[in-house]
Amino acid sequence: MSAGNEDYRDTGLEFPAGFLIGSATASYQIEGAVREDGRGPSIWDTFSRTPGLVWNGDTGDVACDHYHRVESDLDLMAELGLEAYRFSIAWPRIQPTGSGPANRAGVDFYSRLVDGLLDRGIRPVTTLYHWDLPQALEDAGGWRSRETALRFADYARIMGEALGDRIETWTTLNEPWCSAYLGYGSGAHAPGVKDGAAALTAVHHLNLAHGLAIQQLRDVVRNDPDFSVTLNLHVIRGDHDTSPEAIRRIDALANRAFLGPMLEGAYPTDLLDDTAAITDWSFVQPGDTDLIAQPIDLLGVNYYSTVTVRMWDGRSPRANADGHKDVGGSPWPGSSDEVEFLAQPGPYTEMGWNIAPDGLEELLVSLHERYPDLPLAVTENGAAFADRVEDGRVHDADRVDYLQRHFTAAHRAMERGVDLRGYFVWSLLDNFEWGFGYSKRFGIVRVDYRTQERIVKDSGLWVQRLADTHRVPEPRID
Ligand code: FCB
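Going by the numbering used here, the letters in the sequence shown line up with residues 267 to 744, in that order.
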C-alpha cells in the first residue's frame with residue numbers, strides 16, 4: 267500500500283462500514299420506452315427530435331432499453347456488488363402532462379424497481395427531477411413559471427405516498443444549475459432557451475420547487491429517510507490578479523445561488539447586484555426563501571472537473587472553456603461579457619474536461635468547513651473515454667485511473683474530517699449524454715446500442731472489488 271501520492275494514486279485506503287459504494291443513472295438517459303404505458307412527452311423528447319440540437323440526431327427513444335430490461339439490469343447491479351443505486355423518476359411517466367392524477371403504470375414501474383433493489387440488498391437513492399420536465403409544463407412557461415414549482419410539489423407528494431415506505435434517500439433535484447443556466451441561458455440543454463433573465467427566474471423556481479417538495483415528502487413518508495438535493499458545485503480557480511473578482515462572480519452564480527437560499531435562507535446580495543441589469547428578482551416573493559430553506563439531511567455533490575477564470579479585458583478574444591457545449595447563448599447571466607474561462611492543463615477526458623482529483627478533495631473540505639453539520643455524498647463522479655472492445659472485454663484503464671484518483675481524493679477529505687456518506691460512480695451504463703447523444707461513454711458497463719448487450723468494463727470489475735473489500739483496489743484488472 268502506498269500512501270499520500272501527490273498524484274492521488276493510492277491503494278488500500280479503507281472506507282468505513284456504512285459508507286455506500288454505488289452507481290448512478292437518470293431516467294431519460296437509460297430508460298427508452300418513451301411512448302409506453304402512458305408516459306407523456308418531456309422537454310428532452312422535444313429537444314432531441316429538433317434537428318441540429320443533439321449530436322447525430324440521437325434521442326432517448328430507445329437508449330439502454332432499461333425500461334424493458336430492468337430485471338436483468340438489477341441482476342447486473344447485484345453482480346457488481348453495488349450497495350446503493352441512484353436513479354431518477356421520469357415525471358412524465360407519473361403525470362403525463364405534469365399535473366393531475368398519477369398514472370398507475372408509471373408508479374408501478376418505479377415500485378418494481380425499488381422492490382427489486384431491496385430484494386437484492388441495494389439501497390434505493392431516488393431523484394425526483396433529473397431534467398425530464400413534462401412538455402406540457404414547458405408549454406405553460408416551464409421553470410420560468412412559478413406554477414411549475416407548485417406542480418413539482420404535487421408530483422413529490424404523489425411519489426412520497428407511493429414509495430414513502432421504502433425509499434431511503436430522496437433527492438429533489440439533480441443539478442438545478444444545468445436545468446436553469448443550460449436550459450434557459452445557454453440553450454445547450456432542453457428546452458433550449460437563450461435568455462439570461464429566464465435562466466435566473468428558473469434558478470429561483472427550481473429552488474422553490476426543492477423547498478416545497480421537501481415539505482410534501484416529509485408530510486407523507488412513513489419511514490425515516492434522508493432528504494437531500496444534488497448540486498454540481500463549481501470548483502473555481504484563478505491565474506491572474508483579476509481572478510478573485512471573477513471567482514466571486516462565478517461562485518455567486520454557480521454555487522451560492524443555490525447554497526444561499528437552500529442552506530442559509532437568503533440569496534447572496536452580490537448575486538443580486540451582479541445581475542441587476544438583467545432582472546430585479548421580483549419573482550422572489552415574500553416568504554419564498556424561508557420555504558426554500560427546509561432542513562435537509564444530506565447534500566449530494568456531483569464533481570467532474572474544475573474551471574479557471576479571470577476578468578475579460580474586453581479586447582483579446584474571449585476564452586470560454588467552461589466545459590459546456592457552445593450553442594450561442596451564455597450560461598453566465600450578468601457575467602458573460604465580464605468573465606472569461608481559460609483552458610486548463612490536461613489530461614482531459616473525452617468530454618474535454620480536465621482531470622483534477624484535488625478539486626474534489628478541496629470541494630468536499632470547503633463544504634464541510636462552511637456547513638460542518640451537513641453530511642455529504644458524492645452523487646456523481648466518473649469519466650467518458652473512447653472505449654474499445656477487444657475479445658469481448660473493455661480494458662478502460664483511463665477510467666479505472668480516474669476513479670482510483672477520485673476515490674483517493676474522497677478518502678483524503680474524510681481523513682480531514684468530512685462526513686462523507688457514500689460515492690456514486692457516474693454511470694452504471696453507457697447512456698444518452700444529453701447534447702452529445704451516444705457519442706460519450708461514461709459507463710462502467712458498456713452498452714452495445716445495436717444489440718443492447720451489456721459488457722462489464724474493467725472499471726466495473728474495479729468497482730466490484732472496491733464494493734467487496736471497501737478498500738481502494740489496485741488498478742490492475744486481470
Ligand atoms: C451531469 C449529469 C449527468 C451526466 C453527467 C456526465 O451533469 O447530471 O446526467 O450527464 O453530467
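The C-beta atom is built at its ideal place from N, Cα and C for all residues, glycine as well. As the structure is a computational prediction, the values presented were derived from the model and not from experiment.
| Asked | Found |
| --- | --- |
| Residues bridged to Pro400 by DSSP? | Ser308 |
| For Trp692, which residues does DSSP report across the bridge? | Ala290 |
| Can you name, in chain order, every residue of its own chain whose Cβ lies under 7 Å from the Cβ of Glu646, other than the five neighbours on each side? | Ala290, Asn568, Phe690 and Trp692 |
| Spell out whether any CB of chain B is found under 7 Å from the CB atom of Ala402. | Absent here is chain B; the protein component of the structure consists of one chain. |
| Do the segment 340 to 360 and the segment 479 to 492 touch if we need at least three Cβ pairs shorter than 8 Å? | no |
| Could you work out which residue in Leu399, Pro358 and Arg412 is closest to Ala371 when comparing CA atoms only? | Pro358 |
| My output table needs one value for Met267: the three-state DSSP class, helix, strand or coil. | Any reading at Met267 is ruled out, since the residue's pLDDT is 35, under 50, leaving its predicted position unreliable. |
| Check whether the Cβ atoms of Val729 and Val711 lie closer than 7 Å to each other. | no |
| Which whole-angstrom value is the C-beta distance of Ile562 and Val495, which I expect to be below 8 Å? | 6 Å |
| Please return the same chain residues whose Cβ sits closer than 8 Å to the Cβ of Ala283, not counting the five positions on each side in sequence. | His736 |
| What are the residues that DSSP puts in a beta bridge with Met577? | Val605 |
| Distance check for Ala650 and Trp409, CA to CA, integer angstroms please. | 29 Å |
| At the level of alpha carbons, what is the spacing between Ala587 and Met617? | 12 Å |
| Across which residues does DSSP place Leu686 in a beta bridge pair? | Leu642 |
| Can you tell me the Cα-Cα spacing of Arg682 and Val631, whole angstroms? | 7 Å |
| In the DSSP assignment, the beta strand (DSSP E) including Gly566 goes from what residue to what residue? | Leu564 to Asn568 |
| The ligand FCB and Ala292: does any heavy atom of the ligand fall closer than 6 Å to the residue's C-beta? | yes |
| Who are the near neighbours of Phe281 in its chain, counting only those whose CB is closer than 6 Å to its CB and skipping five residues on each side? | His736 |
| With a floor of 3 residues, list each beta strand (DSSP E) that falls wholly inside the segment 393 to 462, ordered by position along the chain. | 435 to 440 |
| Beta-carbon separation of Phe673 and Val738 under 7 Å? | yes |
| One question on the structure: do Cys330 and Asn620 come within less than 7 Å of each other, judged by their Cβ atoms? | no |
| Here's the rule: buried if 16 or more other CB atoms are within 10 angstroms of the residue's CB, otherwise exposed. What is Ser268? | Residue placement at Ser268 is poorly supported in this model, since its pLDDT is 39, which falls under 50; the coordinates still yield a value, given next. With fewer than 16 other Cβ atoms within 10 Å, it is exposed. |
| Rounded to whole angstroms, what is the Cα-Cα separation between Ile516 and Tyr570? | 17 Å |
| Within 10 angstroms of its Cβ, does Arg742 collect 16 or more other Cβ (buried), or is it exposed? | exposed |
| Please classify Asn473: is it buried, with 16 or more other beta-carbons within 10 angstroms of its beta-carbon, or exposed? | buried |
| Distance check for Ala468 and Gly458, CA to CA, integer angstroms please. | 13 Å |
| Expressed to the nearest angstrom, what Euclidean distance is found between the alpha-carbon atoms of Tyr351 and Ala479? | 21 Å |
| Please report how far the alpha carbon of Asp546 lies from the alpha carbon of Leu538, in whole angstroms. | 8 Å |
| So the candidates are Ala465, Asp714 and Gly726; which of them puts its Cα closest to the Cα of Val666? | Gly726 |
| Considering only the beta carbon of each residue, do Asp653 and Val644 sit closer than 7 Å? | no |
| With Asp536 and Arg503 assumed to form a contact (beta carbons below 8 Å), what rounded beta-carbon distance in angstroms separates them? | With 8 Å as the limit, Asp536 and Arg503 do not qualify as a contact, their Cβ atoms being about 19 Å apart. |
| What is the rounded straight-line gap between the Cα of Ala622 and the Cα of Asp303? | 43 Å |
| Does the distance between the C-beta of Asn440 and the nearest non-hydrogen atom of the ligand FCB fall short of 6 Å? | yes |
| Quickly, what does DSSP pair Ala587 with across the bridge? List them, please. | Its beta-bridge partners do not exist; DSSP assigns none. |
| Could you tell me which whole alpha helix (DSSP H) segments of length 4 or greater appear in the segment 316 to 358? | 336 to 346 |
| Given a threshold of 16 other Cβ atoms within 10 Å of its Cβ, counted over all protein chains shown, does Val746 qualify as buried or as exposed? | Lying outside 267 to 744, the shown extent of the chain, residue 746 is not represented and no answer is given. |
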